[in-house]
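Sequential numbering from 4 applies to the sequence shown in the working numbering.
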Amino acid sequence: MDTRVRRAIPYEEVDTATLRQALSSYASPDDKIGDMVRRGELLRVRKGLYAVAPEYREAPLSLEIMANILYGPSYLTLEYALSWYGMMPERVTELTSVCLGRSREFRSAVGNFSYCSIKKAAYTEGYVLTAIPDGRTFLMATREKALVDIIENRRSIPIRSRKEMGTRLLGDLRMDELALMDLDVEKVSQYASRYGSLKTKLLVDFLDDLKGGRSD
């Protein structure tokens, strides 16, 4: 990649508008973008969004920021957020988000991204700005919201009782019991009310019991 061009690209995640500005000295910036993709200097994540190829990067690629801008409005949550917070033992590589649009999945050379559609009432709270070293920020659910989201939106296992909730959290998801006890149950209840389902109510009841030392 031409050094002058690389200096003009501000971040490792870059959209078409930014690339056109960086390549404005070329007769056809769009043709140059296509050429850079063919040469492997840019990796196309989806139409209008690219990543600088590894050998030309000047900083680490932020997949979290890319997840926010790839499809939105959206914020990171579910398995990825719970793993980020250390509440699940396995490292999660797929970036999982919730969104207001229809559910989508993207497979790319830089990573895999999935988006789960939720209703607007459940989307409107429970996420925060998280900073990366260069000062930019991305949206991610709080621990409490990520837990509510995964219980409501991963429907493969039915949950009809507090006992089944415990099996789901501590057995299937292998969540850390002390981390669960450290959650703010009032916030969990607040976010759960946005869904208004039996499962999210059982989640609140289970956490109340866990904090109270009851196992039944």
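Ideal placement from N, C-alpha and C gives every residue a C-beta, glycine not left out.
{"Query": "Start-to-end residues for the beta strand (DSSP E) that takes in Y55", "Result": "Checking the sequence shown, residue 55 turns out to be Val, not Tyr. That run of the beta strand (DSSP E) goes 52–55."}
{"Query": "Unbroken beta strand (DSSP E) run spanning S100, endpoints", "Result": "98–102"}
{"Query": "Check whether S100 and S86 have beta carbons under 9 Å apart", "Result": "no"}
{"Query": "Whole-angstrom distance between K122 and G221, CA atom to CA atom", "Result": "In the structure as shown, the chain begins at 4 and stops at 219. Residue 221 is therefore absent and cannot be evaluated."}
{"Query": "Between the CA atoms of Y29 and T21 - distance to the nearest angstrom", "Result": "14 Å"}
{"Query": "Boundaries of the alpha helix (DSSP H) in which R146 is found, first to last residue", "Result": "146–156"}
{"Query": "CB of L66 within 9 Å of CB of G114, strictly", "Result": "yes"}
{"Query": "Through-space distance from V151 to A144, alpha-carbon basis", "Result": "10 Å"}
{"Query": "Coil, strand or helix - T133 by DSSP", "Result": "strand"}
{"Query": "Segment contact flag, the segment 202–212 with the segment 167–183, C-beta cutoff 8 Å, min 3 pairs", "Result": "yes"}
{"Query": "Three-state class that DSSP yields for Y78 in the structure shown", "Result": "strand"}
{"Query": "Residues bridged to E189 (per DSSP)", "Result": "E189 pairs with nothing; no bridge assigned."}
{"Query": "Inter-stretch contact at 8 Å, needing at least 3 Cβ pairs: the segment 38–46 / the segment 68–78", "Result": "no"}
{"Query": "Limits of the unbroken alpha helix (DSSP H) element including R23", "Result": "19–25"}
{"Query": "Coil, strand or helix - T140 by DSSP", "Result": "strand"}
{"Query": "Coarse secondary structure for L46, derived from DSSP in three states", "Result": "strand"}
{"Query": "Assigned exposure category for M184 - 16 Cβ within 10 Å defines buried", "Result": "exposed"}
{"Query": "Anticipated Cβ contact below 8 Å, A84 with E15, distance rounded", "Result": "Incorrect: roughly 22 Å between the Cβ atoms, too far for contact."}
{"Query": "Among T19, A149, S159, the one whose alpha carbon lies nearest that of K35", "Result": "T19"}
{"Query": "Nonlocal neighbours in the same chain, by C-beta distance under 7 Å from R94, ignoring five residues either side", "Result": "S86"}
{"Query": "Of the listed residues I153, R107, I72, L98, nearest to A195 (C-alpha basis)", "Result": "I153"}
{"Query": "Anticipated Cβ contact below 8 Å, T203 with A149, distance rounded", "Result": "Wrong, their Cβ atoms sit about 13 Å apart, outside the cutoff."}
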